[in-house]
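Written below as structure tokens is the structure these notes are about.
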Amino acid sequence: MDLGGNSDWPTYLRGAATAAIPIVYVASLLGLRSTRARVADLILGSRGGVDRDVWVTLVREALDDRHANLLWWDDSSGGYVDSAANPVPDPRSLGTTNSAEVLEVQSPAGPIALICHDPALSNTSELMASVAEAMRLSSENVRLTNELTATLASVRESRARIVSSADAARRGIERDLHDGAQQLLVALGFDLRSATREAQRAGNPILDEELARASAHLSRALTELRELARGITPTVLSHGGVRGAAEDLAHRCPVPTTVRTSGDIALSQLTQATIYFLVAEGLTNVAKHSAANAATVSIDLAEVATVTISDNGVGGASVNFGSGLRGLVDRVEATGGSLRVDSPPGRGTTIVAKLPLTDVG
Amino acid sequence: MSIDAPRVIIADDSILIREGIRQVLREGGCEVVAVVGNITELEDALARTAQIDALVLDIRMPPTHTDEGMVMLEKLRASGSQLGVLILSMYSSPSLAIRAMTTGAGTGYLLKDRVTDGNSVVTAIKTVMTGGNVVDQEVVAQLISPTPLNPGIDDLTSRERLILQLMAEGQSNLAIATTLTISTKTVESHVGKIMDKLGIEISSVGHRRVLAVLSHLRSA
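As you go down the protein sequences, you meet chains G and D in turn.
The numbering used here numbers the first residue of the first sequence as 1 and each following residue consecutively.
The numbering used here numbers the first residue of the second sequence as 362 and each following residue consecutively.
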């Protein structure tokens, strides 16, 4: 390119370009900038993990060898492959290439790659070692990142699994109470009734009275069992969905509570239960700590489920204060959602949770 | 239809409960024409039995043990059936009671432990088979008493509160009059005052009145 002769170029650029020529020339003469800077380019260019094609380009530039090539170790086949993942024989075993043209890059975990290069480069051991080190670093980086991602994913999955299995266990207990203890107690009620009739028929007022007392106790036991079962798991979910469940909860809250819902989407058991616990715990906090005289629950089902519980009370709630809110944060995060508490002193409390809509299963 | 000897089908998956209810209903003068343990058996029994007056239906049934009974009730009503249906439930849940009442006239929602009291279950059967409605007193009490949701409730006299409770349980003015041994005119006058104090207008009768009262109490 004839920079100086191109009269369309602005004067200052022309000047800059002319001035640059001797610097590049001097740098390449010294061979300093080229080695260090090109290796630096290689490290910078590859640090985020790059495609194998890009690696080949980077290595060619770093080595200033446009015929250089890379072969990658493939664990599954126990041999080398090219950038397109086609198996290729180890060039050292073919006898056509001498060892001066191949550099093996290794990590403690095993082989990484072979750099096939111009044999003249074998004399530049510092450069070759730098390139190999850069490849090793990048490969380690990618391996660690992958491991971390996998670990993170598995931790997320196991948190969600723990929550789901705790929910399932609660449902199991609730089912056992209903189908076991409660049914048996109702059956006992029938027995007491028969016995009462017999006592009346036999004209035994003392026994009749005893049986009446037993029946009254049984009736109280059934009422308490019902309360207990209700506290264990949101059974009403399976009957009335989150709306019915939220309304029942709102109704039991001593602070007048309005429930608003929008959107009609089938929710997974996990999401339903999480919404239930949010509303239950949120309203418990309203009742215990807020000193509010009005509260609102809103459940909005769209791309995500947004659950908002707000009151006009004293504020000052924090996820660090009391385990209730902390537990909610854990539960919401375990399902991949997020929870925010906004509670300035004297200006009410608003809890907003956003939950991903998991598959209905 | 015989109001003295209602023909009843019992559907409950627990054999102990089924047999207990059968016993109670027989002693109460009902004719138990079929006893079934799941929805499929129930559908068969409904198809092959003539002149059913009422169905006593457990809410939790196989296979999922959640709301099979309620779904069955909704299916029956959707197909135009006016059969009296008494839902038996382990849950003292206003939202479930309202869901049952929404299906229309001739529907009852009782807590399961009431079945050991022969009188109340037979009375409930006779109510639903004649198009009336029944809501368990414990469910209604939950709506009326504990929360300050409806300031109007505080303004009611204890007499008016009792009448509101009975209205929500499904009783007609005549039934309330009989229960409290007062005239229907007095009941009507109380009902008028209750409506004024709560700020609601309920001109309807039957299940619509029950539903209106329950819904008002719950949403207030």
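Note that beta-carbon positions come from the ideal geometry of N, C-alpha and C, so glycine has one too.
Remember, it's a predicted structure, so these values are computed and weren't measured experimentally.
For residue i, the first and last residue of its enclosing alpha helix (DSSP H)
| i | result |
| --- | --- |
| residue 384 of chain D | 376-388 |
| residue 91 of chain G | 91-94 |
| residue 562 of chain D | Taken as a continuous stretch (DSSP letters only), residue 562 of chain D belongs to no alpha helix (DSSP H), as it is neither H nor E. |
| residue 400 of chain D | 400-409 |
| residue 469 of chain D | That residue, residue 469 of chain D, is in no alpha helix (DSSP H); its beta strand (DSSP E) goes 468-472. |
| residue 194 of chain G | 183-201 |
| residue 281 of chain G | 269-285 |
| residue 342 of chain G | Counting along the chain, residue 342 of chain G falls outside any alpha helix (DSSP H), though it belongs to the beta strand (DSSP E) covering 338-342. |
| residue 54 of chain G | 52-63 |
For residue i, the three-state DSSP class (helix, strand or coil)
| i | result |
| --- | --- |
| residue 295 of chain G | strand |
| residue 75 of chain G | coil |
| residue 145 of chain G | helix |
| residue 368 of chain D | strand |
| residue 483 of chain D | helix |
| residue 70 of chain G | strand |
| residue 424 of chain D | coil |
| residue 111 of chain G | strand |
| residue 415 of chain D | strand |
| residue 23 of chain G | Low local confidence applies: a pLDDT of 48 at residue 23 of chain G is under 50, so the model's placement there is unreliable, and no value is given. |
| residue 455 of chain D | helix |
| residue 157 of chain G | helix |
| residue 526 of chain D | helix |
| residue 105 of chain G | strand |
C-alpha distance - residue i paired with residue j, whole-angstrom precision
| i | j | result |
| --- | --- | --- |
| residue 138 of chain G | residue 43 of chain G | 8 angstroms |
| residue 594 of chain D | residue 373 of chain D | Chain D is shown from 362 up to 581; residue 594 of chain D falls before or after that span and cannot be answered. |
| residue 246 of chain G | residue 280 of chain G | 8 angstroms |
| residue 156 of chain G | residue 270 of chain G | 14 angstroms |
| residue 379 of chain D | residue 500 of chain D | 23 angstroms |
| residue 134 of chain G | residue 147 of chain G | 20 angstroms |
| residue 401 of chain D | residue 534 of chain D | 39 angstroms |
| residue 179 of chain G | residue 426 of chain D | 9 angstroms |
| residue 150 of chain G | residue 144 of chain G | 10 angstroms |
| residue 482 of chain D | residue 355 of chain G | 44 angstroms |
| residue 91 of chain G | residue 102 of chain G | 8 angstroms |
| residue 452 of chain D | residue 140 of chain G | 59 angstroms |
| residue 86 of chain G | residue 116 of chain G | 16 angstroms |
| residue 415 of chain D | residue 364 of chain D | 11 angstroms |
| residue 575 of chain D | residue 190 of chain G | 31 angstroms |
| residue 429 of chain G | residue 159 of chain G | Residue numbering for chain G in the displayed model covers 1 to 361; residue 429 of chain G lies beyond these limits and cannot be assessed. |
| residue 244 of chain G | residue 46 of chain G | 55 angstroms |
| residue 514 of chain D | residue 537 of chain D | 19 angstroms |
Exposure of residue i, with buried meaning 16 or more beta-carbon neighbours within 10 Å
| i | result |
| --- | --- |
| residue 436 of chain D | exposed |
| residue 209 of chain G | exposed |
| residue 222 of chain G | buried |
| residue 67 of chain G | exposed |
| residue 485 of chain D | buried |
| residue 23 of chain G | Note on residue 23 of chain G: pLDDT 48, under 50, position unreliable in the model; the coordinate value appears next. Classification for residue 23 of chain G: exposed. |
| residue 184 of chain G | exposed |
| residue 353 of chain G | buried |
| residue 224 of chain G | exposed |
| residue 429 of chain D | buried |
| residue 494 of chain D | buried |
| residue 344 of chain G | exposed |
| residue 114 of chain G | buried |
| residue 174 of chain G | buried |
| residue 445 of chain D | buried |
CB contact flag (residue i, residue j, <9 angstroms)
| i | j | result |
| --- | --- | --- |
| residue 423 of chain D | residue 398 of chain D | yes |
| residue 310 of chain G | residue 260 of chain G | no |
| residue 496 of chain D | residue 521 of chain D | no |
| residue 291 of chain G | residue 313 of chain G | yes |
| residue 567 of chain D | residue 492 of chain D | yes |
| residue 471 of chain D | residue 450 of chain D | yes |
| residue 628 of chain D | residue 498 of chain D | Only positions 362 to 581 of chain D appear in the structure, and residue 628 of chain D is not among them; the question remains open. |
| residue 229 of chain G | residue 182 of chain G | yes |
| residue 462 of chain D | residue 552 of chain D | no |
| residue 394 of chain D | residue 413 of chain D | yes |
| residue 41 of chain G | residue 63 of chain G | no |
| residue 232 of chain G | residue 357 of chain G | no |
For residue i, the first and last residue of its enclosing beta strand (DSSP E)
| i | result |
| --- | --- |
| residue 356 of chain G | 349-356 |
| residue 505 of chain D | No beta strand (DSSP E) contains residue 505 of chain D, which is instead part of the alpha helix (DSSP H) from 498-505. |
| residue 213 of chain G | Careful: residue 213 of chain G lies outside any beta strand (DSSP E), inside the alpha helix (DSSP H) at 205-232. |
| residue 260 of chain G | 257-262 |
| residue 438 of chain D | Premise fails: residue 438 of chain D lies in the alpha helix (DSSP H), 429-439, not in any beta strand (DSSP E). |
| residue 177 of chain G | No beta strand (DSSP E) contains residue 177 of chain G, which DSSP labels as neither H nor E. |
| residue 450 of chain D | 445-450 |
| residue 309 of chain G | 304-311 |
| residue 395 of chain D | 392-397 |
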